[in-house]
Structure formats: structure tokens, C-alpha cells
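Let me begin by presenting the structure, written as C-alpha cells, before commenting on it.
2 protein chains.
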Amino acid sequence: MNVEVFLTGSHVTEEDVEGRTVVVIDVLRASSTIITALANGARAVIPVADMDQAGKIAMNLDPSTYLLGGERDGDRIDGYHLGNSPLEYTPDVVEGKTIILNTTNGTRTIWNARNAEHLIVGGFLNANRVVQFVREAGLDVTIICAGRNNRVALDDALCAGLLLHRLWEGREPEYVSDAAHIALTQYLHDRDRLADALRHSNHARWLIEKGYGADVEYCLQLDALPVLPYYRENRLVLYRERQPSESVG
Amino acid sequence: MNVEVFLTGSHVTEEDVEGRTVVVIDVLRASSTIITALANGARAVIPVADMDQAGKIAMNLDPSTYLLGGERDGDRIDGYHLGNSPLEYTPDVVEGKTIILNTTNGTRTIWNARNAEHLIVGGFLNANRVVQFVREAGLDVTIICAGRNNRVALDDALCAGLLLHRLWEGREPEYVSDAAHIALTQYLHDRDRLADALRHSNHARWLIEKGYGADVEYCLQLDALPVLPYYRENRLVLYRERQPSESVG
């Protein structure tokens with residue numbers, strides 16, 4: 001299994017994802033929001049690349065069936081029902097709803113990777129579930145850290161390192177891509193104080209300053225929600241095993 | 250002094266470099282070739298972003314005064330005088346010449362960063378000289394790793410980590426950018442076996458396979474050429490202290 005890692009997601013090409021299992025990571029907060037919304041009963045999450053796309057999709061849906069969620073500069077977009085805080089996506093709010101999600105880095109990265117053979121969303125919340133899927137799929141895998149405004153984000157890199165550590169069962173192969181090696185090195189450096197390292201990341205500190213500290217703590221919970229957002233026909237749905245149309249490999 | 254690091258150079262914007270000291274790192278091999286050419290007596294190196302630009306600049310120069318250098322896919326470009334191997338840039342070849350240099354990642358990154366207040370080129374060969382300049386300039390600094398085809402390159406990241414370690418005299422500040430933290434972590438992880446780690450990088454392995462192993466060994470020599478390529482009026486020249494027009498700060 002060939003493993004590729006991108007430490008920022010903005011310039012992934014179709015060639016980078018074609019025929020592969022692709023894991024998009026945006027720990028703070030799009031991944032965690034998507035995982036939470038689906039775990040809490042949302043019918044689907046439609047990740048979009050920009051405002052225009054969000055508006056067009058909303059226009060074609062019955063207003064009683066969807067919620068618009070997303071952020072710019074970390075805060076809820078004016079006129080949207082929800083921001084990008086996973087804590088807003090409670091069962092009473094999202095059950096049965098389709099969420100149109102519009103975030104600065106995460107949903108744009110998912111959109112860029114939409115032509116993958118399998119496209120899933122990962123974070124600390126569902127790390128083990130992601131590793132299980134990647135193993136069972138058996139395809140080459142590309143882990144894409146969304147990063148932040150074209151820059152590396154420590155939180156995403158640490159999550160990628162954690163996935164690699166588990167995928168490789170602690171034994172780094174002899175030849176890996178430089179980005180994979182760097183993500184794993186960072187994870188091994190911080191694994192004994194992972195939550196502290198994550199709180200210290202640029203994005204976490206920024207969110208904490210903006211009053212979203214509870215979100216940060218929520219997103220750092222390892223394996224708390226063992227569900228898998230899986231992309232199909234322009235939307236993320238809960239992946240369920242043994243459904244023929246969803247079979248892996 | 251604010252320190253920013255980019256682990257890939259392809260998407261640096263004018264805003265990222267304006268008013269700052271910018272260090273572009275492309276260890277394998279553009280940085281090392283530029284350092285070597287200037288140390289060996291080349292009059293200047295003109296870094297270009299593509300073939301067109303190289304051709305246009307060459308057309309306006311007296312053919313006896315310049316050499317075209319550069320690579321695609323690691324090898325000398327057809328019709329060029331020189332490739333991108335620093336070992337080709339010997340005194341008898343380059344003395345007094347202007348080199349038009351056209352490489353896949355390095356010279357393009359320099360071109361993207363051309364509006365910096367001070368733009369210098371760094372590698373292992375001149376690491377201490379770079380740190381000395383950055384300190385004396387006293388401005389905020391942006392270290393840009395050229396990387397490789399939009400991807401992180403371990404060799405460049407390790408060189409960035411080394412520069413940070415020396416700049417900070419071994420004490421990482423409390424708040425640094427995630428990319429700086431990651432580069433430093435990787436350097437500290439590998440510092441006791443730096444040459445081996447570098448030989449194991451994706452780019453080094455690729456060059457060794459292509460027969461450029463001697464280049465790799467050459468580029469890894471720490472502080473072997475304490476000279477500073479400095480960008481002025483579209484070209485890199487040797488930085489010389491105490492010349493009023495070149496004064497720092």
C-alpha cells in the first residue's frame with residue numbers, strides 16, 4: 001500500500017487522488033463538525049468550495065430539509081443557520097437534515113479531492129475507524145491535511161501522524177514520502193503530550209482566543225465517535241458496511 | 250523578530266514577503282548551485298521562473314557574457330550550457346559570467362519572492378552566513394522551502410530547522426508558527442545523523458538513482474562556503490558588507 005501525505009490541501013490535483021483512498025483531515029473544525037453532524041443523525045453533509053456553490057445547492061432544496069452551516073474567519077456566516085462549531089450540531093438540530101457546509105479550508109479541500117476512489121473524512125474523533133477503513137479498502141492511500149490558508153497546520157499534521165502510526169503499527173517503512181515521515185516524526189515527538197501539543201497549535205490558540213475553546217477540547221477527543229463520513233454523489237453520508245453499493249474493493 | 254516558515258514555495262504571495270528578510274532554500278540543488286557559482290566567481294545568477302523568461306533574458310545579453318543553466322526532470326535542459334549540478338559550476342567555467350538559471354522548484358520560488366525587502370539564498374553550504382545576515386538585518390524573517398512539485402521536501406525542511414535552531418540559539422520561543430515548529434522538530438530529531446537523514450530524503454534518493462549522488466554529498470556539506478547570494482535588480486550577486494548600496498537595515 002503506497003501512502004502519500006499532503007501537509008496542505010489547497011493544491012491537490014485530480015491525479016493525486018485518482019484510484020486511491022483519500023482521507024481529508026481538518027481537525028479544527030470541519031472534520032470534527034462533519035463527523036459529529038452525521039453521528040448525530042444528519043442525513044448528509046454537502047461540502048462546498050465557496051458561497052456561490054452553497055447558495056446554488058440551497059436553492060434547489062426544500063427549505064425544510066436543509067441547514068446552511070459554515071464559517072468565515074472562524075465565525076458563522078451571516079444568514080447561515082449554523083457556524084462551524086461541532087457543538088452546535090446536536091441531534092435535535094441536525095436529525096434528518098441535510099447540512100450544506102461551507103468552511104475556509106476543510107470543505108474546499110474535500111471538494112478538490114472529490115474524484116478519489118474512496119473519499120472519507122478523518123479527525124481525532126474517528127481515527128481508529130478511519131484506519132480500519134483504509135486497511136480494508138486495501139488501495140493506495142492519500143492523507144490530505146487541509147491546513148490553514150495554504151499553510152501547514154500542526155493539528156492536522158499530528159492527526160496524519162497518528163493515522164500513519166496506527167496504519168503502520170508503529171513500524172515506519174524503509175521508504176516513505178517526506179511528508180509522511182515529517183508527520184510521523186511530529187506525532188512521535190508529541191504523542192505523550194498530544195492534547196497539550198494540539199492546544200498549542202496556531203489554529204487552536206486562535207480559536208481559544210476567539211472564544212471557541214470548548215470546540216478545541218471537543219475536537220481532541222481520540223476515537224470518541226467511531227463513525228465514517230463517506231463521500232458519494234456530492235455529499236458525505238455515514239459509511240455503513242456490507243451494503244453492496246457501498247462495498248469496499 | 251517574527252519568523253514564518255513555508256514548507257513549500259509554490260504559493261507564497263507578495264504579502265508574505267513584503268518588508269521582510271526572505272531566505273529561499275532549495276538544498277537539492279538550486280540553492281547549492283547558486284552559492285557555488287557565486288563563490289566560484291560568477292558575476293551574477295539570474296533566477297527565472299520558466300523557459301520563456303530564460304530565453305528572453307538571454308536574447309538581450311551578449312552571448313560571450315552569459316551561460317544558460319538549468320534542469321527539467323533533474324537533467325540539463327536541451328541546448329543549455331550547464332545543468333543544475335553545482336559540481337559543473339567550477340571557477341574556470343563560471344568566472345566573470347552571468348548565469349541564467351532555470352530550475353523546476355528553486356528559481357521559480359526565488360522569482361515568487363522577489364519583492365522581499367532582502368532576498369537571500371540559503372542551503373547547508375552557507376547556513377551560518379545566512380543566520381548571521383538574518384540577525385544583522387533585524388527584520389521579520391520568512392524562510393521559504395522550495396519543496397518539490399508542490400510537496401514538502403525533507404532536505405529543505407531540515408535546512409530550515411537548522412537555521413531556526415541556530416537563529417534561536419537552541420531555545421524555541423513559546424509561540425512560533427506551526428511550520429517553524431515542525432521544521433525544528435524534524436531537525437532536532439535528525440541532527441545527530443543529519444547526513445544520513447538527508448541521503449534518505451525522497452529528492453536525494455531520486456538524484457542518487459539518476460547518477461547525481463556526488464551532487465547530494467556536495468550539497469550536504471555544512472558551512473563549507475560562507476557566502477551569501479543576495480537578490481538585487483533581478484539577479485543574485487554576492488552580498489558584500491559595508492557597501493552603502495547594499496547596507497542592511
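Sequence lines, in order, name chains A and B.
Taking our numbering, the leading residue of the first sequence gets 1, the next gets one more, and so forth.
Taking our numbering, the leading residue of the second sequence gets 250, the next gets one more, and so forth.
Backbone N, C-alpha and C fix where the C-beta goes; we use that ideal spot for every residue, glycine too.
All values reported here derive from a predicted model rather than from experimental measurement.
- Below the 8 angstroms Cβ cutoff, chain A contributes SER177, ASP178 as neighbours of ASN451(B), in chain order.
- According to the DSSP assignment, TYR467(B) belongs to the alpha helix (DSSP H) that extends over 462-468.
- VAL17(A) and ILE120(A) have their C-alpha atoms spaced approximately 12 angstroms apart.
- DSSP places PRO335(B) within a helical segment (H, G or I) once states are collapsed to three.
- Interface flag for GLN435(B) against chain A is set, since a Cβ pair is found closer than 8 angstroms.
- For ALA153(A), the closest Cβ of chain B is nearer than 8 angstroms.
- Residues are counted here when their Cβ sits less than 9 angstroms from a Cβ of chain B; for the stretch 110-144 of chain A the count is zero.
- For ARG321(B), the enclosing beta strand (DSSP E) starts and ends at 315-321.
- TYR187(A): member of the alpha helix (DSSP H) spanning 178-190, first to last residue.
- A Cβ-Cβ distance of about 7 angstroms is found for the pair LEU38(A) and LEU236(A), placing them in contact under the 8 angstroms criterion.
- Shown here, PHE6(A) sits in a strand according to DSSP, grouped into three states.
- As the crow flies, the alpha-carbon of SER177(A) is around 15 angstroms from that of LEU167(A).
- Buried is the label assigned to GLN186(A), since at least 16 other Cβ atoms lie within 10 Å of its Cβ.
- Each residue's CA atom was taken as its position, placing LEU487(B) and ARG481(B) some 10 angstroms apart.
- Distance between GLU172(A) and ILE208(A), taken at the CA atoms: about 34 angstroms.
- Secondary structure note for VAL379(B): it is in no beta strand (DSSP E), and the uninterrupted alpha helix (DSSP H) holding it is 376-386.
- In the assembly as shown, TYR424(B) is an exposed residue. Its beta-carbon has fewer than 16 other beta-carbons within 10 Å.
- The residues GLY9, SER31, GLY106, THR109, ILE110, ALA113, LEU119, ILE120, VAL121, GLY122, ILE144, ALA146, in chain order, have a CB closer than 8 angstroms to that of VAL24(A) in the same chain once the five nearest residues on each side in sequence are set aside.
- Under the three-state reduction of DSSP, THR107(A) is assigned to helix.
- For LEU310(B), there is no enclosing alpha helix (DSSP H), as DSSP gives it neither H nor E.
- Bounds of the beta strand (DSSP E) holding ALA44(A) are 44-48.
- For ASN399(B), the nearest CB of chain A lies under 8 angstroms from its own CB, placing it at the interface with that chain.
- Looking at the DSSP output, LEU119(A) bridges to VAL22(A).
- With a cutoff of 8 angstroms on beta-carbon distance, ASN333(B) and THR282(B) are scored as near each other.
- SER10(A) reaches chain B at HIS260, counting residues in chain order whose Cβ is nearer than 8 angstroms.
- Around the beta-carbon of ASN234(A), fewer than 16 other beta-carbon atoms lie within 10 Å, marking it exposed.
- Interface flag for ALA406(B) against chain A is set, since a Cβ pair is found closer than 8 angstroms.
- Identification of chain A residues near LEU256(B) by a Cβ-Cβ cut-off of 7 angstroms yields LEU7, VAL152, ordered along the chain.
- Rounded to the nearest angstrom, the gap between the Cα atoms of GLY79(A) and MET59(A) is 14 angstroms.
- Apart from sequence neighbours up to five positions away, the residues of its chain that approach GLY161(A) with a beta-carbon distance below 6 angstroms are ALA183, LEU184, GLN186, TYR187, ordered along the chain.
- Distance from the CA atom of VAL390(B) to the CA atom of PRO91(A), rounded to whole angstroms, is 47 angstroms.
- Against chain A, a Cβ distance below 9 angstroms from ILE431(B) picks out LEU7, VAL152, LEU154, ALA157, ILE182, ALA183, THR185, GLN186.
- ARG148(A) sits in a strand when the DSSP states are folded into three classes.
- At a Cβ-Cβ threshold of 8 angstroms, HIS81(A) and LEU101(A) do not count as neighbours.
- Contact of HIS81(A) with chain B is not assigned, every C-beta pair being separated by 8 angstroms or more.
- With a contact defined as Cβ atoms closer than 8 angstroms, ALA42(A) and ILE99(A) qualify at about 5 angstroms.
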